[in-house]
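K.L.:
Numbering (our numbering), first residue to last: 246 to 366. Each residue gets a CB set at the ideal place from its N, CA and C atoms; glycine is no exception. Since the structure is predicted, the reported quantities are computational estimates derived from the model, not experimental observations. There's a structure below that I have some questions on.
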């Protein structure tokens, strides 16, 4: 089964790995393309969709528990638990073409560290 999942994972595509028992949430994976507009952004500097939580980063075959200070790199595999309804918003945020359409809000600097960025890591 692992081979089937690996075949399905394409760089730059959001891939649903499984639907959780409730049928409302899912585990999805996104492999960051090496030309992605989110490379160099910190996890805490990206406005993730409300119902999408970054739960793991796989970098160089090593799992990382994400923190708001982690910097996204090309080739990173990002794993999210998300509602199925929020998948489209997440796909739009992560899509390489989303930057050209102005639908991505990646903050370069933090003006107020006390603001809630929606990331609990």
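(1) Indicate whether the contact test is met: 3 or more Cβ pairs, each with one atom in the segment 324 to 334 and one in the segment 293 to 301, closer than 8 Å.
(2) Do you know offhand how far residue 290's Cα is from residue 330's?
(3) Please classify residue 274: does DSSP put it in a helix, a strand, or coil?
(4) How is residue 313 classed by DSSP in three states: helix, strand or coil?
(5) Grab the span of the alpha helix (DSSP H) containing residue 322 for me, first residue to last.
(6) So residue 315 and residue 287 are supposed to be a Cβ contact under 8 Å. How far apart are they, rounded?
P.N.:
Reading from the atomic positions:
(1) Using a Cβ-Cβ distance cut-off of 8 Å, the segment 324 to 334 and the segment 293 to 301 are in contact, since at least three pairs of beta carbons, one from each stretch, lie closer than that value.
(2) A direct Cα-to-Cα measurement between residue 290 and residue 330 gives close to 23 Å.
(3) When secondary structure is reduced to three states using DSSP, residue 274 falls in the strand class.
(4) Note: residue 313 maps to coil in three-state DSSP.
(5) For residue 322, there is no enclosing alpha helix (DSSP H); the residue is part of the beta strand (DSSP E) that begins and ends at 322 to 328.
(6) So it is a contact: roughly 7 Å between Cβ atoms.
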